[in-house]
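First the structure, in the form of structure tokens, and then the observations on it.
Number of protein chains: 2
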Amino acid sequence: MRRPSARVNAALAALDRAELRKTPQRIAVVHALVDDTSHPTAQQIFDRLRRQMPTMSFATVYNTLAALERAGVCRSLRLSHDDSARFDPMVEPHDHAVCDRCGRVLDVPRARERAEIQEFRVRAVERVYRGECQQCQSIGGS
Amino acid sequence: MRRPSARVNAALAALDRAELRKTPQRIAVVHALVDDTSHPTAQQIFDRLRRQMPTMSFATVYNTLAALERAGVCRSLRLSHDDSARFDPMVEPHDHAVCDRCGRVLDVPRARERAEIQEFRVRAVERVYRGECQQCQSIGGS
DNA sequence: ATGATGGTTTAGAATCATTCTTGGTTACAA
DNA sequence: TTGTAACCAAGAATGATTCTAAACCATCAT
């Protein structure tokens, strides 16, 4: 346990705001996730944590990651058809580049244009718009 | 069985090109999928086909959809975290709009800009670049 | 301290989508 | 016809994720 990074502190503050207790398990997940840019899966985070905290349950990792996502600490991504969910501690809007061959996932800041992604040879772009369809708008509600 | 649409014929021709037999099961899947813009799941396609072809197996639907994707007849999409794969018979490059509330998936032609998607209130955009990372490029190969 | 309360964790079972296996069937070639 | 390879049905197996039940633990009032 080294000195807490700014990201760790921000994540713990978000736990407070979401009225979630700062349990040892949750703090451990925050530490494992928050400075990791490799977009790890729940399994990978579990494997790491298990070493330091052998009683940690797999379900706790899943539950905690879901709680952290609701608290705005991370986002989950489903980037390939055969892969499990990946978790991204960068919550500011940005895009992703996925390598067809090794599966590596890179963060792509919004500022960059497609052609400018350094060192990545782009084969295709997929865009997903999230929002409300006409029917659901007309129904109204939250 | 009504008169075959242009899309059906194109799909069957693609089966030929891929050297896949035009079996009754595959033809049925092609008919069920090819003019459907609702982005159905394998389960939905299976449910429909089962009525006309009660011996159809679920695994056959999966295998056939995978074969059709390899043959370039459709594409599979994984658009939400809790949902199963959806199949899209439109293979020309285009994007998708996903309703947060009802899950409906709409096709968005590339020509349109984000703000121009008719009748859809956009909350967020996600972009995924597919290609090759630097490391895999330097390794070379196919 | 004691006990009640409610959120949390654990371990394992359950669920769900997807893939695999096995054995039988079909199409086509020799 | 016989052989061969592709194909299919049915159900088992796999793997990710979620659920359940019981135990745990902090907090608060007695």
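Line order of the protein sequences matches chains A and B.
Mapping to the numbering used here: the first sequence position 81 is 81, numbers consecutive.
Mapping to the numbering used here: the second sequence position 36 is 1036, numbers consecutive.
Glycine is no exception: its CB is placed at the ideal position from the N, C-alpha and C atoms.
Cβ separation of residue i and residue j, assumed to be a contact under 8 Å, to the nearest whole Å
i: residue 1095/B; j: residue 131/A; result: Residue 1095/B to residue 131/A, Cβ: 13 Å. No contact.
i: residue 74/A; j: residue 87/A; result: 5 Å
i: residue 1042/B; j: residue 1085/B; result: 7 Å
i: residue 1033/B; j: residue 1071/B; result: Going by Cβ atoms, the distance from residue 1033/B to residue 1071/B rounds to 12 Å, so no, they are not a contact pair.
i: residue 81/A; j: residue 1078/B; result: 5 Å
i: residue 133/A; j: residue 1102/B; result: 6 Å
i: residue 1091/B; j: residue 1039/B; result: With a Cβ gap of about 13 Å, residue 1091/B and residue 1039/B do not count as contacting.
i: residue 128/A; j: residue 1129/B; result: Wrong, their Cβ atoms sit about 13 Å apart, outside the cutoff.
Beta carbon proximity, residue i to chain B, threshold 8 Å
i: residue 33/A; result: no
i: residue 45/A; result: no
i: residue 120/A; result: yes
i: residue 106/A; result: yes
i: residue 74/A; result: no
i: residue 91/A; result: no
i: residue 29/A; result: no
i: residue 52/A; result: no
i: residue 175/A; result: Residue 175/A falls outside the range modelled here, since chain A spans only 1 to 142, and no answer is possible.
Own chain, CB closer than 6 Å to residue i, minus 5 neighbours either side, in chain order
i: residue 1050/B; result: 1056
i: residue 1089/B; result: 1033, 1034, 1074
Buried or exposed (CB count within 10 angstroms, at least 16 for buried), residue i
i: residue 1120/B; result: buried
i: residue 1016/B; result: exposed
i: residue 1139/B; result: exposed
i: residue 1031/B; result: buried
i: residue 1028/B; result: buried
i: residue 1037/B; result: exposed
i: residue 1097/B; result: buried
i: residue 126/A; result: buried
i: residue 1054/B; result: exposed
i: residue 64/A; result: buried
i: residue 1048/B; result: buried
i: residue 11/A; result: buried
Any C-beta of chain A under 8 Å from that of residue i
i: residue 1084/B; result: no
i: residue 1124/B; result: yes
i: residue 1131/B; result: yes
i: residue 1100/B; result: yes
i: residue 1079/B; result: yes
i: residue 1039/B; result: no
i: residue 1127/B; result: yes
i: residue 1137/B; result: yes
Neighbourhood of residue i by C-beta, 7 Å cutoff - its chain only, sequence neighbours within 5 removed
i: residue 1060/B; result: 1025
i: residue 1108/B; result: 1094, 1095, 1096, 1097, 1117
i: residue 69/A; result: 75, 76
i: residue 1067/B; result: 1020
Close beta carbons around residue i, own chain, < 8 Å, minus the five adjacent residues each side
i: residue 1110/B; result: 1093, 1094, 1095
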